[in-house]
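J.: In UniProt numbering, the protein residues as written are 1 to 300. Don't be surprised by glycine CBs; every beta carbon is placed ideally from N, CA and C. Since the structure is predicted, the reported quantities are computational estimates derived from the model, not experimental observations. The structure is given below, and queries will be raised subsequently.
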Amino acid sequence: MTPRNPRNPHSDTLTTADGGRNVLRMERRLAQPPEKVWAAITRPDHLVHWFPSEVRVELRPGGAMAFVFPQESAPGFEMTGEVTDVEEPRLFAFTWGEDHLRWEIAPDAETGGSLLTLVHTFGDRFGAPSFGAGWHLCVTALGEHLDGEKSDVTPDQGDLHEAYLEQFDLGGGELTADGGVRFERQLVRSAAAVWEELAGGAEVRAGGVVPVGFTAEGVGAGVVTEVVVPSGAPSAAAAPCVVAYESPAPGGGSVRWELRSGTGYGARLVLTHAGAPDAGVALAAWHARVELLAGRLLER
């Protein structure tokens, strides 16, 4: 069970299921009875007001589903799924690509309305903050739609994502089995913005000294051994971008920064340090560096 973060008003949780899949669970109280909530989560003419994509559904177990995303956010992108459960008005569940979404509706004696529970099961653990922030905003829009209000939900600029990341304790990195250090973190800005923050306008080339932005306390600026930057500089969609170098300290090990495609917000960072003299010290140093990077990206 993950702890509640005081910056997030809800006690949403992230757990691990059998087989290593991740389970995001959130509960929200809604003022309307289950019958109205049921219509809002199953009918395409209601879903269009709050769900992240257009939905086409055959409302029966085994029924086909299609999810068509807006042109401005994902031109031409479409996913498919299959209905797994339909028990009106209490349960609607379906696959969404490789993920599974389970929506449960129960009468809420406390308010006279409904208790809506979402259980999202997925593989990409480091995408959990993106999923949490996204569903939080979607269900907020659902509540406004049920209240007959025009949605006033504004897109997250990164603060909500980072609150979920802290709540789910996904920012600390790990010591690997071979004694190395590894961080994987979803960032809230594009690869281009991340590159600008790290390189600071300096040229990054093989054989040159790595810009200081790619270093951490106790890990000096060594010689670049590998650099992969599509078309000479990262674009908003360019991935992966790679910078690797050898730490100049005796036995200092190898550092590798990689920016990959992420879960909607921006680039996914994978940072490794192999062969550090003291892996625990290196873990703390890189944690501080990644937190600084994340904070500066929020200001952009």
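(1) Provide the residue(s) that pair with Glu54 in DSSP beta bridges, ordered along the chain.
(2) Pro70: which of Val255, Gly218, His49 sits nearest, CA to CA?
(3) Quick check on the burial criterion: 16 or more other C-beta atoms within 10 angstroms. Buried or exposed for Gln186?
(4) Shortest alpha-carbon distance to Glu104 belongs to which of Arg205, Arg289, Met26?
(5) Cβ of Thr263 within 7 Å of Cβ of Gly127?
(6) Looking at Val188: is its Cβ nearer than 7 Å to the Cβ of Val243?
(7) Report the option in Gly218, Gly222, Ala282 whose CA atom is closest to the CA atom of Pro211.
(8) Taking contact to mean 3 or more Cβ pairs, one atom from each stretch, closer than 8 Å, check whether the segment 32-41 and the segment 11-21 are in contact.
(9) With DSSP collapsed to three states, give me the class of Asp159.
(10) Could you spell out the range, first to last residue, of the beta strand (DSSP E) harbouring Arg28?
(11) To test your reading of the DSSP string, which unbroken alpha helix (DSSP H) runs of 4 or more residues are found completely within the segment 190-267?
(12) Would you tell me roughly how many angstroms separate the C-alpha atoms of Asp152 and Ala199, rounded to the nearest one?
(13) Are the beta-carbon atoms belonging to Leu298 and Gly132 less than 7 Å from one another?
T.: So, from the listed chains and residues:
(1) Val68
(2) His49
(3) buried
(4) Met26
(5) yes
(6) no
(7) Gly222
(8) no
(9) helix
(10) 22-30
(11) 191-199
(12) 37 Å
(13) no
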